[in-house]
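Convert by adding 4 to the 1-based position in the sequence shown; the result is the number in this note's numbering.
Where is the CB? At the ideal position from N, CA and C, for every residue including glycine.
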Amino acid sequence: MKIGIIGAMDAEVKNLINQMDESKRTSRANLTFYEGTLENQTVVVVKSGIGKVNAAMCAQILIDVFEVEGIINTGVAGALSPKLEVGDIVLASEVMQHDIDASIFGDPRGEIPGLKQSIFPTAPQFLDACNRRIDGSAIYCGRIITGDQAVGDSRLKEFLYSTFNGLCVEMEGGAIGQVCYLNDVKF
Numbered sequence: 005m006k007i008g009i010i011g012a013m014d015a016e017v018k019n020l021i022n023q024m025d026e027s028k029r030t031s032r033a034n035l036t037f038y039e040g041t042l043e044n045q046t047v048v049v050v051k052s053g054i055g056k057v058n059a060a061m062c063a064q065i066l067i068d069v070f071e072v073e074g075i076i077n078t079g080v081a082g083a084l085s086p087k088l089e090v091g092d093i094v095l096a097s098e099v100m101q102h103d104i105d106a107s108i109f110g111d112p113r114g115e116i117p118g119l120k121q122s123i124f125p126t127a128p129q130f131l132d133a134c135n136r137r138i139d140g141s142a143i144y145c146g147r148i149i150t151g152d153q154a155v156g157d158s159r160l161k162e163f164l165y166s167t168f169n170g171l172c173v174e175m176e177g178g179a180i181g182q183v184c185y186l187n188d189v190k191f
């Protein structure tokens, strides 16, 4: 199985790229895709850039051009749950986009109009594999929410936590989850 790994920033993919047995670099849409192996797994690693559009574009290229069978999103996020501490690891059991709001048309906040879907579950085998590879850190598993904004305001954090029940918030995962869902690719 070939796996795509997306991180938004250099810091999120640099170590992965350095640890890879790289066989090929490909440029497409102003992005550099690194193909090779990591821990005996065939992977394609890419820095998408920050935000949902960049992440979605990157996921679709991984699916269409590199024919990955699964995509993993890696990176930093902001805690929403009061139980999380800096350095804790959160694995997504599901993702959703908090900044989609078509409630004026009768759709629930967070639901994608026309798709009638708001929550995109992750592949259980990816969670199992991640759990086996992590040592020494507090690990949580739950919903991660996505929006095109860096969230620093404490009132907004409280609103997002109480409304969407996300453990943390970031800017790419929900878009990647949606693209994978629409393409029937593991996420």
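In terms of Cα proximity to isoleucine 143, the closest of Met100, Lys51, Gly91 and Val57 is Gly91.
DSSP places lysine 18 inside the alpha helix (DSSP H), whose first and last residues are 14 to 23. Note that the C-beta distance between valine 17 and valine 49 is below 7 angstroms. For glutamine 129, no pairing in a beta bridge is given by DSSP. Counting only runs of 3 or more residues that sit fully inside the segment 26 to 64, the beta strand (DSSP E) segments are 35 to 42 and 45 to 51, in chain order. Taking every protein chain shown into account, the CB of asparagine 58 has 16 or more other CB atoms within 10 angstroms, so this residue is buried.
Taking every protein chain shown into account, the CB of glutamine 129 has fewer than 16 other CB atoms within 10 angstroms, so this residue is exposed. Bounds of the beta strand (DSSP E) holding isoleucine 10 are 7 to 11.
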